[in-house]
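Counting in full-length UniProt numbering, the sequence shown runs from 1 upward without gaps.
All C-beta atoms in this analysis are idealised placements derived from N, C-alpha and C, irrespective of residue type, glycine included.
Predicted model only: the values in this text are computed from it and were never measured.
A short worksheet on the structure shown next.
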Amino acid sequence: MYLWMLSVILPLLCLLAFASFLFPDTGRVTEKYKHCGSSLCGNINITYPFRLKTQSHRCGNKELELVCQNNRTIFPMKHGNFYVQHISYSDETIQLLDESLGNDNCSIPHSSYPWYTSFSKKIYLDRTTSEYSIMYLVNCTMQINYTSVYIDAFRCTNNTASSRPAYFYFLDGNTTASDFDESCRVEAQVPIMLANITGRSTFDIYTKLLTGFQLSWSTFYYDYVWLSWDSIVNIAILAQAVDAYAGNTYSRHNRQKLKRRHLSVDDDIENFLQSQNNLMPIRYSYSEIKRMTDGFKNKLGQGGYGYVFKGKLRSGQLVAIKLLNNSKANGQDFINEVATIGRIHHVNVVRLIGFCVKGSKQALVYDFMKNGSLDKIIFSAENNTLSWQKMFEIALGVARGIEYLHRGCEMQILHFDIKPRNILLDENFTPKVSDFGLAKLYSVDNDIISLTAARGTVGYMAPELFYKNLGGISYKADVYSFGMMLMEITGRRKNLNASAEQSSQIYFPSWIYDRLDEGDIMDLGDLIENENKIMRKMVIVALWCIQMKPTDRPSMSKVLNMLESEVELLEMPPKPSFSGNVN
């Protein structure tokens with residue numbers, strides 16, 4: 001064993017010694033960027049790792065670029081600008097204030113710190129003091145009465161009149177989903193130097209907001225991101241030499257490499273959890289997960305993702321615990337779930353209570369949904385007893401959940417797997433969008449996004465995921481999936497039905513379009529007039545959603561507007577293009 005270690009280590013030491021001749025000045029490269037000189041904007045001294053926009057791109061870091069405007073230093077971020085109040089280079093901290101605060105007596109914070117971006121790994125919120133928390137600024141369509149939780153965010157006595165008035169409130173960052181009113185949406189997540197805001201007055205909150213918040217950076221990180229082109233070439237030479245040597249020993253140590261790969265996956269997950277620590281749900285031990293499920297006795301279901309078990313918290317609250325399959329080797333499903341719903345509060349999105357990571361064992365703890373998934377309601381003759389009004393309310397709730405994912409968060413969240421099985425129903429049949437294993441986060445500015453592979457479930461996947469000539473991939477993929485699901489809710493059957501008595505009924509969207517166009521959908525059930533209107537409305541909206549070209553589909557906001565409108569006001573869409581090409 002020791003001989004093998006020497007045979008590996010000695011040649012590598014020689015390569016490292018050779019490296020010192022290849023690029024002896026790498027350590028001094030950083031110094032070159034540090035000594036670009038400092039600048040002054042007002043009373044703010046700006047030097048490495050920061051730089052002004054007017055300085056050379058070889059000074060400081062491009063992601064820490066500041067703007068000097070009217071003698072005030074501004075830190076521009078994706079979702080708003082922040083005034084720089086102070087920079088301490090010795091403590092590696094920067095004090096920021098939302099630019100919208102202080103503009104007038106009615107100003108409210110509109111900018112959010114970009115939690116979801118990789119930017120936060122390089123400059124991050126300072127958590128060194130317990131007198132610190134995150135709060136939500138929410139915009140509600142109606143006045144909220146329980147003021148112990150919702151704190152009025154307006155400092156003005158008169159509101160601007162409009163046909164649909166908005167009410168702004170502050171909510172504590174630890175607010176539970178049960179306290180989150182369905183008429184509200186999150187406008188911003190705002191750092192505040194208070195342990196919590198519950199019971200505080202509007203004056204207290206604004207007093208603290210005007211002191212700003214603090215971010216930290218690491219000089220160590222920035223010292224090693226600067227390399228000259230010569231150094232990169234030399235490193236490539238060294239890498240080739242190391243790679244050539246490693247290639248000769250690979251076959252003898254394949255088992256060790258696989259072990260290292262597994263440890264690397266664990267590191268990826270742990271690094272992710274550490275970087276997202278600000279808004280993380282509860283972390284449980286594996287023994288706690290076993291205790292909750294009573295040794296994994298009550299299995300609720302299973303799939304390619306793994307297994308779901310019923311469990312109970314110490315408080316007595318029922319939960320559903322998803323154990324992820326070991327085959328998900330890169331941990332991406334786990335990261336996707338925690339990164340998306342780990343910090344979302346919406347009545348129509350399932351709540352992630354906590355998680356567990358212990359080596360290859362990964363578990364996610366959710367609220368328990370008494371009425372299971374939507375597919376068991378619409379595809380089962382025994383369970384298919386809900387009224388058309390209730391089915392419409394379920395469809396409307398799902399639309400609200402998806403619209404929130406697309407527009408109500410810091411980053412737009414694209415689900416990519418909307419289908420009846422992934423819609424859960426609580427004891428009141430309130431729908432919850434669930435299963436974010438395929439979800440992706442994108443900037444709200446990105447209308448078109450890139451994917452390395454198609455994702456979703458056949459039958460609900462948008463055609464542009466297969467046929468690139470139809471247009472770019474965007475949030476319209478979720479709109480298509482919602483439309484296919486809405487069509488199944490309406491027909492209470494699968495869209496593709498090979499056992500249909502008539503060939504014209506095989507593809508349900510095509511068949512129902514013809515029936516609707518002829519003004520006859522009554523044979524789907526004995527419907528009273530109001531139910532007929534509900535049916536027609538859902539069909540028309542669904543047909544708009546499943547248009548072949550993404551550009552012909554509405555946004556989820558438009559879908560909501562159509563669902564909330566009178567059916568007589570809805571325009572009939574073109575016939576689905578795929579209707580004649582189904583085998």
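**Study point:** Bridge-paired residues (DSSP) for Ala-363
**Key:** Under DSSP, Ala-363 shares a beta bridge with Leu-323, Cys-356.
**Study point:** Cβ-Cβ separation, Val-458 to Cys-545 (assumed contact under 8 angstroms), whole Å
**Key:** Going by Cβ atoms, the distance from Cys-545 to Val-458 rounds to 17 angstroms, so no, they are not a contact pair.
Check your understanding: Which one of Leu-352, Lys-62, Cys-68, Pro-49 has the shortest CA to CA distance from Asn-43?
Key -> Of the listed residues, the one whose Cα sits closest to Asn-43 is Cys-68.
Review point. What are the boundary residues of the beta strand (DSSP E) that includes Phe-309?
Key: Judged by DSSP secondary structure, Phe-309 falls within the beta strand (DSSP E) whose first and last residues are 306-312.
**Study point:** C-alpha distance - Gln-143 paired with Asp-204, whole-angstrom precision
**Key:** Straight-line Cα distance between these residues: approximately 21 angstroms.
Practice item. Using the DSSP secondary-structure output, state which residues sit across from Cys-140 in a beta bridge. Key: Beta-bridge partners assigned by DSSP to Cys-140: Tyr-167, Cys-184.
Point to revise | Under the three-state DSSP convention, the category Gln-547 falls into | key: Correct three-state label for Gln-547: coil.
Exercise for review: Determine the contact status of Pro-431 and Ile-418, defining contact as a CB-CB distance below 8 angstroms.
Suggested key: Cβ atoms of Pro-431 and Ile-418: not closer than 8 angstroms.
Check your understanding: What is the DSSP secondary structure of Asp-152, counted as helix, strand or coil?
Key -> Of the three classes helix, strand and coil, the one that applies to Asp-152 here is strand, per DSSP.
Check your understanding: Residue range of the beta strand (DSSP E) that Asn-81 falls in?
Key -> Note, Asn-81: beta strand (DSSP E), 80-88.
Exercise for review: Determine, using beta-carbon pairs with one atom in the region 384-393 and one in the region 528-543, whether at least three such pairs fall under 8 angstroms.
Suggested key: Because the criterion of three Cβ pairs below 8 angstroms is met, the region 384-393 and the region 528-543 touch.
Check your understanding: With a cut-off of 8 angstroms, do at least 3 Cβ pairs link the region 457-472 to the region 351-359?
Key -> Contact between the region 457-472 and the region 351-359 is absent, because fewer than three Cβ pairs lie under 8 angstroms.
Check your understanding: In this structure, does DSSP put Gln-214 in helix, strand or coil?
Key -> Look at Gln-214 here: in three-state DSSP terms it is strand.
**Study point:** Alpha-carbon spacing of Ala-399 relative to Arg-407, whole angstroms
**Key:** A straight line joining the alpha-carbon of Ala-399 with that of Arg-407 spans about 12 angstroms.
Exercise for review: Within 10 angstroms of the Cβ of Thr-73, are there 16 or more other Cβ atoms? Answer buried if so, exposed if not.
Suggested key: Classification of Thr-73: buried, given that the 10 Å Cβ count is 16 or more.
Check your understanding: In angstroms, rounded to a whole number, what distance separates the CA positions of Leu-40 and Leu-97?
Key -> Going by the C-alpha atoms only, they are around 19 angstroms apart.
Practice item. Using only the heavy atoms of the ligand MN, determine whether one of them is closer than 7 angstroms to the beta carbon of Arg-200. Key: This structure lacks the ligand MN, and indeed carries no ligand of any kind.
Check your understanding: Start and end of the beta strand (DSSP E) containing Tyr-442?
Key -> From DSSP, the beta strand (DSSP E) with Tyr-442 extends over 440-442.
Point to revise | Residue interval of the beta strand (DSSP E) (run including Asp-98) | key: For Asp-98, the enclosing beta strand (DSSP E) stretches over residues 93-98.
Review point. Going by the beta-carbon positions, is the gap between Lys-376 and Glu-427 smaller than 8 angstroms?
Key: Cβ distance not < 8 angstroms, so Lys-376 and Glu-427 don't count as in contact.
**Study point:** Presumed contact (8 angstroms Cβ cut-off) between Ile-540 and Pro-574, rounded CB distance
**Key:** Wrong, their Cβ atoms sit about 12 angstroms apart, outside the cutoff.
**Study point:** Lys-476 classed as buried or exposed, judged by whether at least 16 other C-beta atoms fall within 10 angstroms
**Key:** It is buried - the Cβ of Lys-476 has at least 16 other Cβ atoms within 10 Å.
**Study point:** Pair within 8 angstroms by beta-carbon distance, Ala-395 and Met-548
**Key:** The Cβ-Cβ distance between Ala-395 and Met-548 does not fall below 8 angstroms.
Practice item. For Gln-85, collect the residues of the same chain with a Cβ closer than 6 angstroms to its Cβ; drop the 5 residues on either side in sequence, then sort them by chain order. Key: Result list for Gln-85: Gln-95, Leu-97, Gly-212, in chain order.
Review point. Which class does Val-347 belong to by DSSP, given the choice of helix, strand or coil?
Key: In the three-state reduction of the DSSP assignment, Val-347 falls in the coil class.
**Study point:** N- and C-terminal bounds of the beta strand (DSSP E) containing Phe-75
**Key:** For Phe-75, the uninterrupted beta strand (DSSP E) run begins and ends at 72-77, by DSSP.
Check your understanding: Any idea what DSSP makes of Met-391, helix, strand or coil?
Key -> Under the three-state reduction of DSSP, Met-391 is assigned to helix.
Check your understanding: Starting from Asn-45 and walking both ways along the alpha helix (DSSP H), at which residues does that stretch end?
Key -> From DSSP, Asn-45 is part of no alpha helix (DSSP H) but of the beta strand (DSSP E) over 44-46.
Exercise for review: With DSSP as the reference, label Glu-65 as helix, strand or coil.
Suggested key: Per DSSP, reduced to three states, the secondary structure at Glu-65 is strand.
Check your understanding: Quick one: Cα of Pro-191 to Cα of Cys-409, how far?
Key -> One C-alpha to the other measures close to 16 angstroms.
Check your understanding: Sorted by chain position, which residues of the same chain lie with C-beta nearer than 6 angstroms to Val-567's C-beta, five sequence neighbours on each side aside?
Key -> Cβ neighbours of Val-567 beyond the five flanking positions: Lys-533, Arg-536, Lys-537.
Review point. How big is the Cα-Cα spacing for residue 619 and Ala-542?
Key: Residue 619 lies beyond the stretch modelled for the chain, which goes from 1 to 583, so this question has no answer here.
**Study point:** Distance between Ala-153 and Tyr-136 (C-alpha atoms, nearest Å)
**Key:** Going by the C-alpha atoms only, they are around 11 angstroms apart.
Exercise for review: Could you have a look at Ser-557 and say whether DSSP puts it in helix, strand or coil?
Suggested key: Judged by DSSP in its simplified three-state form, Ser-557 adopts helix.
Review point. If we count the other Cβ atoms within 10 Å of its Cβ and call it buried at 16 or more, is Ile-402 buried or exposed?
Key: The residue in question, Ile-402, is buried, as its Cβ has 16 or more Cβ neighbours within 10 Å.
Check your understanding: For Lys-297, which residues of its own chain have a beta-carbon under 8 angstroms away from its beta-carbon, when the five flanking residues on both sides are left out?
Key -> So the list reads Phe-309, once near-sequence residues are dropped.
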